[in-house]
Amino acid sequence: MARLEQKLPVSIVARGNELYIQAEKDADVQAAAEILEELYGQLRKGREVGRDEIDAALRMRKTANGDRSGLELQIRTDRRLVSPRSPNQAAYLRALNQHDLVFALGPAGTGKTYLAVAAAVSQLRQQKVERIMLSRPAVEAGERLGYLPGDIKDKVDPYLRPLYDALQDMLPEGKLQGRIDSGQIEIAPLAYMRGRTLANAVVILDEAQNTTPSQMKMFLTRLGENSHMVVTGDPTQTDLLPGMPSGLADAVAKLDGVAGIAVVRFDHTDIVRHPLVTEIIHAYEADRGPAE
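When we follow our numbering, the leftmost residue of the sequence shown carries the number 479, and every step to the right adds one.
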């Protein structure tokens with residue numbers, strides 16, 4: 479209740495098993511009541527309700543025309559039930575269900591990769607696809623990859639670690655390793671995609687702003703029969719050399735509006751990490767001066 483009082487201009491008082499909501503505007507009372515009803519509904523279904531769930535309910539209430547249907551969109555994985563926490567996340571889940579190629583653009587913390595991995599694990603779990611392929615461009619390694627210690631797996635793993643982290647949130651450790659060993663889940667640098675046709679799979683390219691246009695074309699043309707592709711990235715955070723065009727921006731400019739392709743754009747209101755992440759992004763967007 480304290481979280482709701484922080485986010486809405488209301489006062490909530492508990493008297494026995496009843497709650498009394500007070501506010502200057504009836505609309506604020508109605509908003510708080512609807513959110514409390516939604517949260518109690520989640521509790522009745524046996525789900526945990528904490529600050530994240532309250533913040534999600536507040537975000538979802540901002541959906542255009544009061545449409546709250548996004549609350550019913552859910553992805554079941556081995557370890558958790560994943561639900562959208564903002565209207566744009568709900569639109570993203572719908573796009574993942576309805577399109578074979580989805581571009582997700584936006585800042586860090588908006589759930590672009592996490593939701594894509596959850597949807598992929600769910601499809602594998604339901605045997606709708608035979609495998610999941612996750613990829614990232616190892617931009618920082620570049621031609622210096624050979625100077626890093628270890629074998630090729632040791633060299634590229636640091637760039638792929640976020641993908642492992644997302645998978646570990648969806649699958650028990652033993653089952654995850656088993657699926658990797660069997661080839662049902664493959665995590666590889668973008669360069670390993672060249673020359674392959676990816677059929678019966680969900681293929682996710684993360685940090686795609688760090689691809690060149692030729693790399694992006696190579697990746698997109700790997701799409702095979704009964705496969706789905708998800709391309710995620712933040713166009714404002716490229717690590718490419720100055721003056722080098724981003725394959726993500728180039729692909730979206732060329733393909734946005736093509737039938738069968740969806741482009742979902744997130745912004746700072748969709749950030750579902752620690753609340754300070756939103757404030758940090760605001761601060762950096764406000765200060766566009768040269769770095770010290």
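For glycine and all other residues, C-beta sits at the position ideal for the given N, C-alpha and C. Quick caveat: nothing in here was measured; it's all calculated off a predicted structure.
Give the range of the beta strand (DSSP E) segment to which residue i is assigned.
i, result
"M671", "Note, M671: premise wrong, no beta strand (DSSP E); not H, not E."
"M707", "H706 to G711"
"E496", "E496 to Q500"
"I490", "S489 to R493"
"V681", "A679 to L683"
"V741", "I739 to R743"
Does residue i pass the burial test, meaning 16 or more other C-beta atoms within 10 Å, or should it be called exposed?
i, result
"K606", "exposed"
"V599", "buried"
"N688", "buried"
"D556", "exposed"
"T716", "buried"
"R639", "exposed"
"H760", "exposed"
"R622", "At R622, the pLDDT of 48 sits below 50, so the modelled position is not reliable and the matter cannot be decided from this model."
"N543", "At N543, the pLDDT of 45 sits below 50, so the modelled position is not reliable and the matter cannot be decided from this model."
"Q601", "buried"
"L521", "exposed"
"M722", "exposed"
"A594", "buried"
"Q567", "buried"
Shortest alpha-carbon distance to residue i belongs to which of the options?
i, options, result
"P667", "Q500, P691, D647 and P636", "P636"
"D745", "T756, G702, L559 and P615", "T756"
"L482", "V507, R493, G494 and V730", "V507"
"E685", "G524, G725 and L571", "G725"
"D510", "G652, I490, R529 and A677", "Strictly speaking, residue 510 in this sequence is Ala, with Asp absent from that position. Comparing Cα positions, the closest option is I490."
"L676", "P723, E608 and V736", "E608"
"D728", "E512, T690 and V741", "T690"
"N495", "D504, Y518, I513 and A669", "Y518"
"A501", "A492, E512, A569 and L486", "L486"
"A492", "L514, P723, S705 and A505", "L514"
"L654", "R614, R603 and R743", "R603"
"V742", "E512, A573, D504 and A534", "A573"
The alpha helix (DSSP H) that contains residue i, what's its start and end?
i, result
"V507", "D504 to R522"
"G656", "E651 to S660"
"R563", "From DSSP, R563 is part of no alpha helix (DSSP H); its letter is neither H nor E."
"M696", "P691 to L698"
"A727", "G725 to L733"
"L482", "A480 to K485"
"I532", "R529 to M538"
The ligand ADP heavy atoms versus the CB of residue i: any closer than 7 Å?
i, result
"V580", "With respect to the ligand ADP, the structure offers nothing, as it holds no ligand at all."
Do the segment 570–586 and the segment 690–710 touch if we need at least three Cβ pairs shorter than 8 Å? The segment 570–586 is in contact with the segment 690–710.
For a minimum of 3 consecutive residues, which ranges assigned as the beta strand (DSSP E) are wholly contained in the segment 580–619? When DSSP assignments are scanned along the segment 580–619, the uninterrupted stretches of beta strand (DSSP E) that are 3 or more residues long and fall wholly within it turn out to be 609–614.
Taking three-plus beta-carbon pairs below 8 Å as touching, is the segment 695–709 in contact with the segment 673–682? Of all C-beta pairs linking the segment 695–709 to the segment 673–682, three or more are shorter than 8 Å, placing the two stretches in contact.
Three or more C-beta pairs below 8 Å linking the segment 648–663 and the segment 557–575: For the pair of segments examined, the segment 648–663 was found to touch the segment 557–575: the number of CB pairs separated by less than 8 Å reaches three.
Taking contact to mean at least 3 C-beta pairs separated by less than 8 Å, is the segment 584–591 in contact with the segment 735–754? Because the criterion of three Cβ pairs below 8 Å is met, the segment 584–591 and the segment 735–754 touch.
Is the segment 563–576 touching the segment 528–539 in the sense that three or more CB pairs, one from each, lie closer than 8 Å? In short, these stretches touch, since the Cβ pair count reaches three.
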